[in-house]
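Those protein sequence lines, which keep their order, are chains Y and W.
Just so you know, we're using this note's numbering here: the first sequence kicks off at 1 and counts up by one.
Just so you know, we're using this note's numbering here: the second sequence kicks off at 1 and counts up by one.
The structure under discussion appears below in the form of structure tokens.
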Amino acid sequence: MLEVRDIHKTYEGQILLDGVSFGVRSGEIVCLLGESGSGKSTLLRIIAGLEPCEAGKVYWNGTDMSVIPPHKRGFGLMFQDYALFPHRTVAENVAFGLRMQNLPKEDIEAKTLEALRAIRMEAFADRPVTELSGGEQQRVALARALAPNPRLLMLDEPLGALDHSLRLQLMEELREVLHASHKPAIYVTHDREEAFAVADRLLILHQGVIVQEGTAKELYEQPANAWIAGFLGLGNLVPGVVNALEPLSVQTALGNLQANAHGQRFTIGDPCSLLLRPKDAMIESVSNGLDTLHGVVQDCVFMGDYYKLEVEAGGQKLSIYSGDPFPLGVGLGFHFLPEKVLCLPSQSQK
Amino acid sequence: MKLPGNKRVLRAGLLWLLPAAFLLVFFYQPLLAILRLAFSPAFEGGWQGISTVQVLKPLGFTLWQAALSTLLTLLVGLPAAYLFSHFDFKGREALRLLSLLPFILPTVVVAACFNTLLGPRGWLNLGLMALLNLPEPPIHMLQSLPAILLAHVFYNTAIIIRLVSSAWSRLDQKLVHAAQMLGASPWRAFREVTLPLLLPSITGASLLVFLFDFTSFGVVLMLGGPQFATLEVEIYTQALYMLNLRLAAVLSLVQLACTLLVAWLQSRLSQLRYGKAALSAERANLRPPRSTAEKAFIGVMVVLLVLLILTPLLSLITRSFVTLEAARGERGQIQTGFTLRYYQELFQNRTGSLFYVPPITAVRNSLIYAMLTVLIATILGLLGAYALNQPWKANRILEPFFMLPLGASAVTLGLGFLVAFRQPAWSGMPFPLLIPIAHALVALPMVIRTLLPALRSIPGSLRQAASTLGADEQRVFREVDLPLLLRPLLVSMVFAFTISLGEFGASSFLSSAQTPTIPVAIYRYISQPGALNYGQALAMSSLLLVVCAAGIFLIEKIRLPGEELY
Numbered sequence: 001m002l003e004v005r006d007i008h009k010t011y012e013g014q015i016l017l018d019g020v021s022f023g024v025r026s027g028e029i030v031c032l033l034g035e036s037g038s039g040k041s042t043l044l045r046i047i048a049g050l051e052p053c054e055a056g057k058v059y060w061n062g063t064d065m066s067v068i069p070p071h072k073r074g075f076g077l078m079f080q081d082y083a084l085f086p087h088r089t090v091a092e093n094v095a096f097g098l099r100m101q102n103l104p105k106e107d108i109e110a111k112t113l114e115a116l117r118a119i120r121m122e123a124f125a126d127r128p129v130t131e132l133s134g135g136e137q138q139r140v141a142l143a144r145a146l147a148p149n150p151r152l153l154m155l156d157e158p159l160g161a162l163d164h165s166l167r168l169q170l171m172e173e174l175r176e177v178l179h180a181s182h183k184p185a186i187y188v189t190h191d192r193e194e195a196f197a198v199a200d201r202l203l204i205l206h207q208g209v210i211v212q213e214g215t216a217k218e219l220y221e222q223p224a225n226a227w228i229a230g231f232l233g234l235g236n237l238v239p240g241v242v243n244a245l246e247p248l249s250v251q252t253a254l255g256n257l258q259a260n261a262h263g264q265r266f267t268i269g270d271p272c273s274l275l276l277r278p279k280d281a282m283i284e285s286v287s288n289g290l291d292t293l294h295g296v297v298q299d300c301v302f303m304g305d306y307y308k309l310e311v312e313a314g315g316q317k318l319s320i321y322s323g324d325p326f327p328l329g330v331g332l333g334f335h336f337l338p339e340k341v342l343c344l345p346s347q348s349q350k
Numbered sequence: 001m002k003l004p005g006n007k008r009v010l011r012a013g014l015l016w017l018l019p020a021a022f023l024l025v026f027f028y029q030p031l032l033a034i035l036r037l038a039f040s041p042a043f044e045g046g047w048q049g050i051s052t053v054q055v056l057k058p059l060g061f062t063l064w065q066a067a068l069s070t071l072l073t074l075l076v077g078l079p080a081a082y083l084f085s086h087f088d089f090k091g092r093e094a095l096r097l098l099s100l101l102p103f104i105l106p107t108v109v110v111a112a113c114f115n116t117l118l119g120p121r122g123w124l125n126l127g128l129m130a131l132l133n134l135p136e137p138p139i140h141m142l143q144s145l146p147a148i149l150l151a152h153v154f155y156n157t158a159i160i161i162r163l164v165s166s167a168w169s170r171l172d173q174k175l176v177h178a179a180q181m182l183g184a185s186p187w188r189a190f191r192e193v194t195l196p197l198l199l200p201s202i203t204g205a206s207l208l209v210f211l212f213d214f215t216s217f218g219v220v221l222m223l224g225g226p227q228f229a230t231l232e233v234e235i236y237t238q239a240l241y242m243l244n245l246r247l248a249a250v251l252s253l254v255q256l257a258c259t260l261l262v263a264w265l266q267s268r269l270s271q272l273r274y275g276k277a278a279l280s281a282e283r284a285n286l287r288p289p290r291s292t293a294e295k296a297f298i299g300v301m302v303v304l305l306v307l308l309i310l311t312p313l314l315s316l317i318t319r320s321f322v323t324l325e326a327a328r329g330e331r332g333q334i335q336t337g338f339t340l341r342y343y344q345e346l347f348q349n350r351t352g353s354l355f356y357v358p359p360i361t362a363v364r365n366s367l368i369y370a371m372l373t374v375l376i377a378t379i380l381g382l383l384g385a386y387a388l389n390q391p392w393k394a395n396r397i398l399e400p401f402f403m404l405p406l407g408a409s410a411v412t413l414g415l416g417f418l419v420a421f422r423q424p425a426w427s428g429m430p431f432p433l434l435i436p437i438a439h440a441l442v443a444l445p446m447v448i449r450t451l452l453p454a455l456r457s458i459p460g461s462l463r464q465a466a467s468t469l470g471a472d473e474q475r476v477f478r479e480v481d482l483p484l485l486l487r488p489l490l491v492s493m494v495f496a497f498t499i500s501l502g503e504f505g506a507s508s509f510l511s512s513a514q515t516p517t518i519p520v521a522i523y524r525y526i527s528q529p530g531a532l533n534y535g536q537a538l539a540m541s542s543l544l545l546v547v548c549a550a551g552i553f554l555i556e557k558i559r560l561p562g563e564e565l566y
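Shown next, in the form of structure tokens:
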């Protein structure tokens, strides 16, 4: 349906988007994940037609959209801070897009009511939007964007302005509404949890290009490089150099560790990073001969189902999870199974 | 608990005491004198000397010309506001400064500017006479409504630009984009989103312009003529030439009622109704032009603004250096071309001169008055701002008490002083000393309007932080308030200085033949025949223009970014 091809954009002399291409299929929710300032919002605005780009095109069902002004594209955009019209009531905000379609008055009223009902805010219809709480504003913005029945919905950090607990609650709601609408959607966020919860497919934008795409599970299990693993917060990253193949062995500050290449090709001498997930750490009472690591417990935090230990080993700080608490300052032996240690290229290979 | 409370009340009273006493004596007493004059049954002649027509005719004309002027000002000001709030182009800053200059210019200077452009001895007529070989000036634009309107547009475009472009540049562009994403065409998005959100600013700015046009005195007096009497001019004429003080008093009250009504409307309608929801960071919307249409728009607007603002200013300055053969009624040697004579003559005390003193004395007088004005207005303004900034319930009553002088025109003030202080009880007071007091009253609202927002923007937590760190109250003032208030304080001082230098309405009532101020001298010279008188008026106007230009430049330099001027 939507196809974005080779978008280039510079902003104040800096390259922001350096050839971004991707597609969105019918009914699919694609999540664009990237750090703040990575050009995610700009990309949305380019797709919306609100901002020009230096090169590249946006196609809808094969039609080039570049000559079509924003108001005729039929794309909906939910803005980061909602951009609700402060001079209009909740209902008037929701009805705005319907009015632009010059529908009969009764239709507008009926559809507005329907949209307000969907977000359970029909009681708020005549309130000024300036009196709403953040969560209420977010819901009105969503209803407003969906009401005119856009062909594509774009959401720019829709939960970014909310506090944590409200965010979790509204994330569920948003997911339901998006899936129920069966609309193709592009969801922009910098939050991994949000992206994992909402998206059918994720795109990771870094340094102006999409560095990896896949489902949440794929990204979690096989991040393409160390930067992505760090950005997604998958675990401890320990830099090292490949010093043996078959089996793959990496020299790090923690010593030589055997690792899993997971389909990636390495040669001896390659710089790389090892991903040591906290939950995979196995704490041992007696050494078992495997690559045992030794560290000193520096912090022990009760997390509910487990304890999170901060352990210093070989000059590195590692987080590991443990079923039992440890006193501070105590020495600890632990290891990771080689197949669970993921070896990742340090640099993104473009 | 009781003692500190009492102490606070005492200090509150002290803060109020000086400004309140000053206002009571120098504003409310003259106002009362005007009231008494208007309604006292014992007044000789009674009400017979006054007919309704005498009040309604100037009132009608004042409203008409003010409405027309405001409309024309909007016609120029709104596109200019769009220009300054949306586009980044070469010379933008210079053009913006230039467009702000007229606001601070004294009325007499503006009148002189247009006189040198459009008057019988002005460039346009001289050019046409030379070109077409005409014996008489072909254009008779002075003494006409268009001249008044043109001067008013020249004057007040700055207000529209300032207020509307500041609102427009901070209008969250995302709202417009949201409308477009919901299917609104650019024009529809403007109508449905931009316009309603800008309306409070546009209304507020328009009413302010209307207020200035309504109370315009110098421009109408010098560019209009007897048949174009606004309330202000009529008050002046009735009081000083017809000696009908009662009619002048009645007109003053009508005027005061009107200005108060407009000022009230202005403060009601211009409030930001939607809070911060519609605001983004300032300058966020600025960008270079993209399409040819945008470039053309910028070109047209730049030419228009330069023509409107720069031409009259340059016309004045160049004309002040040129003598002409065509000058009639001038005896003695006739020179043509470039001359410094008008400036040199300022230092001469000629027999047959309009004053008994050399014209440069007017400059000296004005400077002394201006410095006194700065002193009075700053002290009172600072005290007043502090008093108004206190969280007292009484301020609800006291604030209008303080802001009322804003509604009184300078001419009304002059009339009030004339009536109140030309009485035996005050005969000991040297009359010219009333001039800086009147000027301070004119400047005071501006000073308070500059200081109060600055004072309010100092978070209370700053002072609390300072006192928890061990600073006593005096120290807090010295180390927190004063450094933060320094710039606004300087701005208000420059304002007071330039306002005093250019003040004409009250001065025309209060200055005597021996103690003219610059604007009074300019007015008297320019309305006399003779190239020398005309030239001297232009020379003095040019000097005043330069001082005011320096003033606005200084204000822009020391003003904190993002602060509003009015």
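Think of the CB as a built atom: it goes at the ideal place given N, C-alpha and C, for glycine as much as any other residue.
Treat the numbers as computed from the prediction; the structure is a model and nothing was measured.
Residues sharing a beta bridge with residue i, DSSP
i               : result
Q14 of chain Y  : Y:Y11
P128 of chain Y : Y:T89
M282 of chain Y : Y:H335
G255 of chain Y : Y:T252
Y59 of chain Y  : Y:E3 and Y:D64
R201 of chain Y : Y:V30
Y307 of chain Y : Y:F302 and Y:S322
Partners in chain W for residue i, counting only beta-carbon separations shorter than 8 Å
i              : result
A83 of chain Y : D172, K174, L175, H177 and A178
F96 of chain Y : A179, L182, A184 and E192
F75 of chain Y : M181
L50 of chain Y : H177, Q180 and M181
Contact list for residue i against chain Y, beta-carbon separation under 9 Å
i               : result
P196 of chain W : F85, H87 and R88
P539 of chain W : Per the sequence shown, residue 539 of chain W should be read as Ala rather than Pro. Result: empty, since nearest Cβ-Cβ is about 49 Å, beyond 9 Å.
R188 of chain W : H71 and M100
Cβ of residue i within 8 Å of any chain Y Cβ
i               : result
A147 of chain W : no
R191 of chain W : no
R268 of chain W : no
I558 of chain W : no
Among the options, nearest to residue i - alpha-carbon criterion
i               : options                           : result
L37 of chain W  : W:S216, W:H177, W:L251 and W:L452 : W:L251
A521 of chain W : W:T468, W:G414, W:V363 and W:L398 : W:V363
L32 of chain W  : W:H152, W:G530 and W:L256         : W:L256
T230 of chain W : W:E399, W:N395, W:W16 and W:I148  : W:I148
L418 of chain W : W:L434, W:S169, W:S409 and W:G119 : W:L434
A465 of chain W : W:Q227, W:L208 and W:V480         : W:V480
Under 9 Å by beta carbon: chain W residues contacting residue i
i               : result
G135 of chain Y : Simply none; closest approach about 16 Å.
Chain Y contact residues for residue i, given Cβ-Cβ distances below 7 Å
i               : result
A184 of chain W : H71 and M100
Residue-chain proximity (residue i, chain W), Cβ-Cβ < 8 Å
i               : result
L344 of chain Y : no
F79 of chain Y  : yes
A91 of chain Y  : no
A55 of chain Y  : no
P184 of chain Y : no
L2 of chain Y   : no
8 Å Cβ cutoff, residue i in contact with chain B
i               : result
P148 of chain Y : This model lacks chain B altogether, as its protein chains are Y and W.
Proximity test, residue i beta-carbon vs the ligand FMN heavy atom, cut-off 7 Å
i               : result
L372 of chain W : The ligand FMN is not among the ligands present in this structure, which contains no ligands whatsoever.
query = Taking three-plus beta-carbon pairs below 8 Å as touching, is the stretch 89-106 of chain W in contact with the stretch 156-172 of chain W?
reply = Counting C-beta pairs closer than 8 Å gives three or more between the stretch 89-106 of chain W and the stretch 156-172 of chain W, which meets the contact rule.
Touching by the beta-carbon criterion (3+ pairs, under 8 Å), the stretch 122-140 of chain Y and the stretch 78-91 of chain Y: Yes, the stretch 122-140 of chain Y is in contact with the stretch 78-91 of chain Y.
- Are the stretch 168-186 of chain Y and the stretch 8-15 of chain Y touching by the rule of at least three beta carbon pairs closer than 8 Å? No, they do not touch.
Task: Stretch pair the stretch 182-199 of chain W + the stretch 230-245 of chain W: three plus CB contacts closer than 8 Å - done: Put simply, the stretch 182-199 of chain W does not touch the stretch 230-245 of chain W. Fewer than three CB pairs are less than 8 Å apart.
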